[in-house]
Amino acid sequence: MSKKKVEKKQSEPEVKPGSVEFYFDKFAATHQDPANIVIHIVFIPLLLFSLFGLLWAIPFPYIKFLGQYNADFNWSSFLLAFSIYYYLKLSPILSYFMLFIMLAYYYIITLLVQWQKAGGLQLGVLCGLIFVISCAALFGGYKKEGKKLSFEYRYKNILIAPLFLVHLVIKRFKIKY
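Okay, here's the thing in structure tokens:
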């Protein structure tokens with residue numbers, strides 16, 4: 033009597049739509065060109081920083097119940113809260129790393145506000161300039177990639193791209209997320 037050998041296919045576990053790995057796989061699939069990857073590594077953090085700075089520069093109304101903390105609360109606080117909540121749903125570990133990065137952005141922005149008060153360049157102008165340069169570089173990277181990406185796809189990746197870059201760093205240190 034002969035025994036039939038059953039071959040087991042070793043396949044990678046399926047990635048669930050909506051999971052962090054699903055978004056990373058989609059992002060990596062559309063970013064293959066080495067020059068575009070370098071452009072993203074440099075300009076995605078700058079783009080996120082400039083978004084925080086631009087929102088910070090928009091005057092925030094005085095809210096009485098905030099009292100002495102009213103100066104610490106601004107429109108960029110909403111971006112911080114929304115993005116950390118979104119990242120927390122995708123991956124708690126990665127969201128903590130992103131929170132530290134965003135807090136570093138906040139610190140740099142407060143230094144720029146102090147510089148502005150001392151006669152330096154206005155925060156809105158500086159962050160607007162960084163935003164325009166970052167967007168131009170990223171669009172150039174997409175053009176270099178040679179793939180036509182919809183505006184909706186690029187818009188959705190504004191939140192995924194920074195998390196993807198953090199994921200690349202975390203992966204090098206073999207930290208599970």
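According to the working numbering, the residues represented by the sequence shown are 33 to 209, in order. Just so it is clear, CB atoms sit at the ideal spot from N, CA and C, and this is done for glycine as well.
- Judged by DSSP secondary structure, Asn-106 falls outside any alpha helix (DSSP H); it is assigned neither H nor E.
- When the alpha-carbon of Gly-156 is set against those of Val-198, Gly-50, Leu-87, the nearest one is in Leu-87.
- Per DSSP, Gln-64 lies in no alpha helix (DSSP H) and is assigned neither H nor E.
- Taking the CA atoms as reference points, Trp-107 sits about 20 Å from Pro-194.
- Here the C-alpha atom of Gly-85 lies approximately 10 Å from the C-alpha atom of Leu-79.
- With contacts defined by Cβ atoms closer than 8 Å, Phe-75 and Leu-153 do not form a contacting pair.
- At the C-beta level, Val-52 and Phe-129 stay beyond 8 Å of one another.
- Check the Cα spacing between Asp-65 and each of Leu-191, Ile-190, Asn-189, Gly-173: the tightest is with Gly-173.
- Burial check for Tyr-139: the Cβ neighbour count within 10 Å stays below 16, so the residue is exposed.
- A buried status is given to Leu-144, since no fewer than 16 other beta-carbon atoms sit within 10 Å of its beta-carbon.
- For Ile-95, the number of other beta carbons within 10 angstroms of its own is below 16, and it is reported as exposed.
- Sequence-distant Cβ neighbours of Gly-160 in its own chain, meaning closer than 8 Å and more than five residues away, are Ser-82, Leu-86.
- With a beta-carbon spacing of about 6 Å, Ser-127 and Ile-116 fall inside the 8 Å limit used to define contacts.
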